[in-house]
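Here's the structure, in structure tokens; my notes come after.
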Amino acid sequence: ALAAALNAEQCEIYTDVQGIYSADPRLAKNSKLIKNISYEEMLEMASLGAKMHPRSIEIAAINSIKMKIKHAAKEGDGTTLMKDNDLMEIRNAVTGIPTSTGVSKITLNNISDKPGIAASIFSPLSAKGISVDVIVQTASSDRKTNLSFTVDDKDVNLCLNELKEKNIASNKNIKTEKGLGKVSIVGTGIQNQPGYAARMFQILAKKNINIEMITTSEIRITCIIKEENLSKAASALHDEFIV
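Next comes the structure, spelled out in structure tokens:
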């Protein structure tokens, strides 16, 4: 924000790491420093677990400020954030494999399949400040459907209490699963080339990792899996996609 107020062309952030890594080094031993990354990719990485505040990236992108992330006490070029157009010649299809923990899945079984039911579920949660991430609804049968969604572990009890208070759910039709995490592949090249989802699913299948839920954007594919499998998944996907 200060760099934008000063109309600066570049902002350097000094921290306790060399820059942004292609995966969490604690989970994927083969992770490596990302030299260049687009604002769009970094926003996805930050929202999925990379330790950088999304708002700082948004401000830099809006004002076309080049950002550098460097180590405060060590030499090195660090990681440079820039416009996607500036990366056309040097980008990889997949830039990073971000992961995050502390995910819970809540499933509502046999709820009415009618207009307004989704709003009646998620509006009260929003009013309580509960952030819902992945949402999956099954095909309708006899005007009944199942709806699953993910929230942070810390919000589970508040979420359950709110759904029960609003008579949206009861102990009979609600199921909670904790101990989940997210693993993703992120890269602007994904949107222009087919097959990345299939390759990701194949790699996880080879490692005997079950996919609980899936969500995508133009430059991201995210799988919800058991938290205990995050390290295995991140390493395998890194070997497949990061060159």
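Each number in the numbering used here comes from the position in the sequence shown (counting from 1) with 67 added on.
Backbone N, C-alpha and C define an ideal beta-carbon position, used for all residues, glycine too.
Exercise for the section: Check whether the segment 173-182 touches the segment 204-221, taking contact to mean three or more Cβ pairs, one atom from each stretch, closer than 8 Å. Expected result: yes
Exercise for the section: Could you check the C-alpha separation between R287 and K231 for me, to the nearest Å? Expected result: 34 Å
Handout entry: Proximal residues to K274 (C-beta, below 6 Å), its chain only, five neighbours per side dropped
Key = K299, A303
Handout entry: Complete runs of the beta strand (DSSP E) confined to the segment 113-140 [at least 3 residues]
Key = 133-138
Exercise for the section: Taking I241 as the reference, give the member of S251, M267, G248, T212 with the closest Cα. Expected result: T212
Handout entry: CA-to-CA distance, A90 to N97, given in whole angstroms
Key = 8 Å
Practice task
Using the Cα positions of S190 and S198, report the straight-line distance between them to the nearest angstrom.
Solution key: 11 Å
Handout entry: Buried versus exposed, by CB contacts within 10 Å (16 or more), H305
Key = buried
Handout entry: Inter-residue spacing [alpha-carbon to alpha-carbon] between V201 and G169
Key = 14 Å
Problem - Residues that DSSP places opposite F216 in a beta bridge - result: I173, I202
Handout entry: Cβ-based neighbour list, G246, same chain, cut-off 6 Å, excluding 5 preceding and 5 following
Key = E294
Handout entry: Backbone CA spacing between R93 and I276 [nearest angstrom]
Key = 19 Å
Handout entry: Span separating the alpha-carbon of P261 from that of T282
Key = 16 Å
Handout entry: Assigned secondary structure, Q85 (DSSP; H/G/I helix, E/B strand, else coil)
Key = coil
Exercise for the section: May I ask which residues mark the beginning and end of the alpha helix (DSSP H) holding R266? Expected result: 263-273
Problem - Neighbourhood of T289 by C-beta, 6 Å cutoff - its chain only, sequence neighbours within 5 removed - result: K249, S251, T282
Exercise for the section: Taking E307 as the reference, give the member of A75, A95, Y81 with the closest Cα. Expected result: A95
Exercise for the section: Measure the CB-CB distance between G163 and V253 and report whether it falls below 8 Å. Expected result: yes
Handout entry: Beta-carbon spacing of M112, P165 below 8 Å
Key = yes
Problem - Residue burial classification, D222 (beta-carbon count within 10 angstroms, cutoff 16) - result: buried
Practice task
Please name the residue, chosen from Q204, E285, V161, that lies closest to R266 on a Cα-to-Cα basis.
Solution key: V161
Exercise for the section: Can you check DSSP and say which residues form a bridge with N103? Expected result: T147
Practice task
Mind checking which residues open and close the alpha helix (DSSP H) that includes K231?
Solution key: 223-232
Problem - Spatial neighbours of I87 in its chain, beta-carbon cut-off 8 Å, leaving aside the 5 residues before and after - result: L100, I101, I104, M109, M112, A117, M119, I136, T146, G163
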